[in-house]
Amino acid sequence: MNVIRYKNLLSDFFSSPFVLRFGPALLFTLPFLFVAFEKIPSSSQSTLIEISENTKGEPGVGGIGLVMMNPHAASEADEAFKDQLLGADPEAPKIPKEEAKTAQEEWQEPGKIKYKLKRGETLAQVAKRYNISQEAIAGSSGIRIIDEVYPGTVLYIPTKNGFFYSVRNGERLAKILQKHNVSLEKFLSENPDVNPDILGKGEEIFLPGAKPKNIIRSYWIVPVQSRLITSPYGHRTWPRNAFHKGVDLKAQYVAVRAARGGEVIFAGWLGGYGNAIVIKHDGEYKTLYAHMSKLYTSKGKFVSRGAVIGRSGNTGYSFGAHLHFEITKNGKPLNPAKVLRGLRYRRK
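Residues 3 to 350 in the working numbering are what the sequence shown lists, from first letter to last.
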């Protein structure tokens, strides 16, 4: 009966004089009204409704019911999931005794453990497990940039505080010790088989308590060519009254680059953030790139600093092509303007 009644109502509506006279004009303007409504900020959409089936069959109510919806429900869910992605990672588990024993059995020479970096591990985690500095491991392993180390990299972990140094052609021991602030007495106690008067090219010596001088941490780069901030970090009232946890950068469908090397832990659709990418960097940091038109990488891939990961766009809850960019440290948002060099604000 309800189906017949609704069919009759629809038939009466479409055969009414008003619809017959103005129907073509309505059909022409409805799509534009729909697009305009879609671009209204969610804070202005006070009466969103969803048509759903009435499964309970309440007395006197037909098979169609109207359910009021929270206009911010979707954006709140997107925000929660995004915060989960950018949140702090759990502490790295301590290395089991069995694993430590196996690692010790793989010593290449006294005082150095050979270790192959596993998927999902970082140099910072390994350093913490073995209670040794990242610089000491990097220096002993021939690694120059400590936060761009990927799975499969072979690490050499010193068993004492310090690092292994490969002597260059013509270098004298006195110069090496002076540069790294190591006393001759301390050096000889840790290198009893080394002749201090004759050092050959490529000879490996241990510098106790020292840190390598040429090891650097990867610096941040601005992910797009433009350095103009169109919407800054902090509280804002438009497009909705909320705290803006990142910055919006001017970017009209241009290449987006990784601000720092790391592992892609998310690449895909992120609700109101549109097409988005989240990169986990060594140790403490994560970055988010949102509203992109194209993604050129996928979850599980490792990217180096400056690698093109996609193109900026206008996807998701967006009002024009731009790049929304966020940085977190141990799960807490950072103002990108305090990390990236050379950003400037739009003049008001």
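Glycine included, every Cβ here is placed at the ideal spot set by N, Cα and C.
Does the count of Cβ pairs from the segment 316–329 and the segment 194–208 closer than 8 Å reach three?
no
Using 10 angstroms around the beta-carbon of residue 60, count the other beta-carbons present and answer buried if the total reaches 16, otherwise exposed.
Locating residue 60 in the sequence shown gives position 58, counting from the first residue. Residue confidence for residue 60 is low, a pLDDT of 37 falling below 50, so the modelled location carries little weight; the figure read from the coordinates is stated next. By the 10 Å Cβ count, residue 60 comes out exposed.
Quick one: residues in its chain with C-beta nearer than 6 Å to the C-beta of residue 233, no 5 flanking neighbours on either side, listed in chain order?
To locate residue 233, count along the sequence shown from 1; it is residue 231. Closer than 6 Å at Cβ, skipping near neighbours: 250.
What's the C-alpha gap between residue 119 and residue 153?
The residue you call residue 119 lines up with position 117 of the sequence shown. The residue you call residue 153 lines up with position 151 of the sequence shown. Computed Cα separation, rounded: 5 Å.
Whose CA, out of 338, 163, 294, lies closest to the CA of residue 188?
Along the sequence shown, read from residue 1 onward, the residue named residue 188 stands at position 186. Of the candidates 338, 163, 294, the one whose C-alpha sits nearest the C-alpha of residue 188 is 163.
From residue 77 to residue 258, what distance separates their C-alpha atoms?
Residue numbering aside, residue 77 sits at position 75 when the sequence shown is read from its first letter. Residue numbering aside, residue 258 sits at position 256 when the sequence shown is read from its first letter. For residue 77 and residue 258, the distance between alpha carbons rounds to 24 Å.
Looking only at C-alpha atoms, which of 89, 271, 245 sits nearest to residue 383?
Residue 383 lies beyond the range of the chain shown here (3 to 350); nothing can be said about it.
Using DSSP with H/G/I as helix, E/B as strand and the rest coil, what is residue 130?
Your numbering for residue 130 matches position 128 in the sequence shown. The answer is helix: DSSP assigns residue 130 an H, G or I state.
Since residue 165 and residue 129 should fall inside the 8 Å C-beta cutoff, what is the C-beta to C-beta distance between them, to a whole number of angstroms?
Mapped onto the sequence shown, residue 165 falls at position 163. Mapped onto the sequence shown, residue 129 falls at position 127. The Cβ separation is near 12 Å, so there is no contact.
So, at 7 Å on beta carbons, what are the nonlocal neighbours of residue 136 in its own chain, with the 5 sequence-adjacent residues on each side left out?
Residue numbering aside, residue 136 sits at position 134 when the sequence shown is read from its first letter. Only 125, 126, 129, 148 meet the Cβ criterion.
If I measure Cβ to Cβ from residue 333 and keep anything under 6 Å in the same chain, skipping five residues before and after, which residues do I get?
In the sequence shown, the residue the question calls residue 333 occupies position 331. So the list reads 89, 90, once near-sequence residues are dropped.
Find out if the Cβ-Cβ distance for the pair residue 278, residue 290 is shorter than 8 Å.
The sequence position of residue 278 within the sequence shown is 276, counting from 1. The sequence position of residue 290 within the sequence shown is 288, counting from 1. Yes, they are a contact pair.
Could you have a look at residue 273 and say whether DSSP puts it in helix, strand or coil?
Numbered from 1 along the sequence shown, position 271 holds the residue referred to as residue 273. In this structure, residue 273 counts as helix in the three-state DSSP scheme.
Taking Cβ positions, are residue 161 and residue 115 nearer each other than 8 Å?
Within the sequence shown, the letter at position 159 stands for residue 161. Within the sequence shown, the letter at position 113 stands for residue 115. Cβ distance < 8 Å, so residue 161 and residue 115 count as in contact.
Would residue 218 and residue 146 qualify as a contact pair, given that the criterion is a beta-carbon distance under 8 Å?
For this step, residue 218 is matched to residue 216 along the sequence shown. For this step, residue 146 is matched to residue 144 along the sequence shown. Against a cut-off of 8 Å, the Cβ pair of residue 146 and residue 218 comes out as a contact.
Just to confirm, are residue 212 and residue 256 a CB contact at a threshold of 8 Å?
Here residue 212 refers to the residue found at position 210 when the sequence shown is read from its first residue. Here residue 256 refers to the residue found at position 254 when the sequence shown is read from its first residue. No. Outside cutoff.
Assuming residue 274 and residue 319 form a contact by the criterion Cβ under 8 Å, report the distance between their Cβ atoms to the nearest whole angstrom.
Counted from its first residue, the sequence shown places residue 274 at position 272. Counted from its first residue, the sequence shown places residue 319 at position 317. Going by Cβ atoms, the distance from residue 274 to residue 319 rounds to 4 Å, so yes, they are a contact pair.
Going straight from the alpha carbon of residue 134 to that of residue 117, what length do you get?
As a working mapping, residue 134 is identified with position 132 in the sequence shown. As a working mapping, residue 117 is identified with position 115 in the sequence shown. A straight line joining the alpha-carbon of residue 134 with that of residue 117 spans about 14 Å.
Is it right to say residue 231 is buried, meaning 16 or more other beta carbons lie within 10 angstroms of its own, or is it exposed?
Here the question's residue 231 lines up with position 229 in the sequence shown. Per the 10 Å Cβ criterion, buried.
Could you please give the first and the last residue of the uninterrupted beta strand (DSSP E) stretch that includes residue 176?
Start at 1 with the first residue of the sequence shown, and residue 176 comes out as number 174. Unbroken run through residue 176 is the alpha helix (DSSP H), 175–181; no beta strand (DSSP E).
Who pairs with residue 335 in a beta bridge, going by DSSP?
Taking the first residue of the sequence shown as position 1, residue 335 is located at position 333. Answer by DSSP bridge pairing, in chain order: 330.
Apply the 10 Å Cβ neighbour rule to residue 159 and answer buried if 16 or more other Cβ atoms are within range, or exposed otherwise.
Locating residue 159 in the sequence shown gives position 157, where the first residue counts as 1. It is buried - the Cβ of residue 159 has at least 16 other Cβ atoms within 10 Å.
Rounding to the nearest angstrom, what Cα-Cα distance links residue 141 and residue 179 in this structure?
On the sequence shown, residue 141 is found 139 positions in, with the first residue counted as 1. On the sequence shown, residue 179 is found 177 positions in, with the first residue counted as 1. About 15 Å.
According to DSSP, is residue 185 part of a helix, a strand, or is it coil?
Walking along the sequence shown from the start, residue 185 turns up at place 183. Reduced to three states, the DSSP call for residue 185 is coil.
Within 10 angstroms of the Cβ of residue 276, are there 16 or more other Cβ atoms? Answer buried if so, exposed if not.
Mapped onto the sequence shown, residue 276 falls at position 274. Flag for residue 276 reads buried.
If we count the other Cβ atoms within 10 Å of its Cβ and call it buried at 16 or more, is residue 199 buried or exposed?
Taking the sequence shown and counting its residues from 1, the one referred to as residue 199 is at position 197. Looking at its Cβ environment, which holds fewer than 16 other Cβ atoms inside 10 Å, residue 199 is exposed.
Assuming residue 143 is part of the alpha helix (DSSP H), what are its boundary residues?
Locating residue 143 in the sequence shown gives position 141, counting from the first residue. Residue range 136–143 is occupied by the alpha helix (DSSP H) that includes residue 143.
Where residue 238 and residue 81 are concerned, what is the direct C-alpha to C-alpha distance, given to the nearest angstrom?
To locate residue 238, count along the sequence shown from 1; it is residue 236. To locate residue 81, count along the sequence shown from 1; it is residue 79. So the alpha carbons of these two residues sit roughly 16 Å apart.
Apart from the five residues just before and just after residue 229, which ones in its own chain have a Cβ nearer than 7 Å to its Cβ?
In the sequence shown, the residue the question calls residue 229 occupies position 227. The answer, listed in chain order, is 344, 345, 346.
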